[in-house]
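Student: Dumping the structure here so I can ask a few things about it.
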Amino acid sequence: MKLFTEACLHGLRARLCDDVDALDSYLPPQVAAMARRVAEALDVPELAAT
6 MKLFTEACLH
16 GLRARLCDDV
26 DALDSYLPPQ
36 VAAMARRVAE
46 ALDVPELAAT
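Residue numbering for the sequence shown follows this note's numbering, starting at 6 and increasing by one per position.
Okay, here's the thing in structure tokens:
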């Protein structure tokens with residue numbers, strides 16, 4: 006549970022800072038992979054203005 010929570014927080018921070026590529030530089034591989042999946046899930050394309 007702690008690993009999942011940590012990955013969610015890192016993924017959210019990476020998405021907000023638009024720095025997903027940096028996850029691999031400071032996280033263990035398992036946490037970085039989970040954080041990357043969280044960040045990708047949070048990546049919502051912006052709707053085009055009509």
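We put the CB at the ideal spot given by N, CA and C, even for glycine.
The structure presented is a predicted model; accordingly, all values stated were derived computationally and were not measured.
Could you spell out the range, first to last residue, of the alpha helix (DSSP H) harbouring Pro33?
Tutor: First-last for Pro33: undefined, no H or E at that position.
Student: Please report how far the alpha carbon of Asp23 lies from the alpha carbon of Met6, in whole angstroms.
Tutor: If you take the alpha carbons of Asp23 and Met6, they lie about 25 Å apart.
Student: What does the Cβ neighbour count give for Leu28, buried or exposed, with the cut at 16 atoms within 10 Å?
Tutor: With 16 or more Cβ atoms within 10 Å of its Cβ, Leu28 is classed as buried.
Student: Please report the distance separating the alpha-carbon of Asp48 from that of Arg20.
Tutor: Approximately 7 Å, taken between the alpha carbons.
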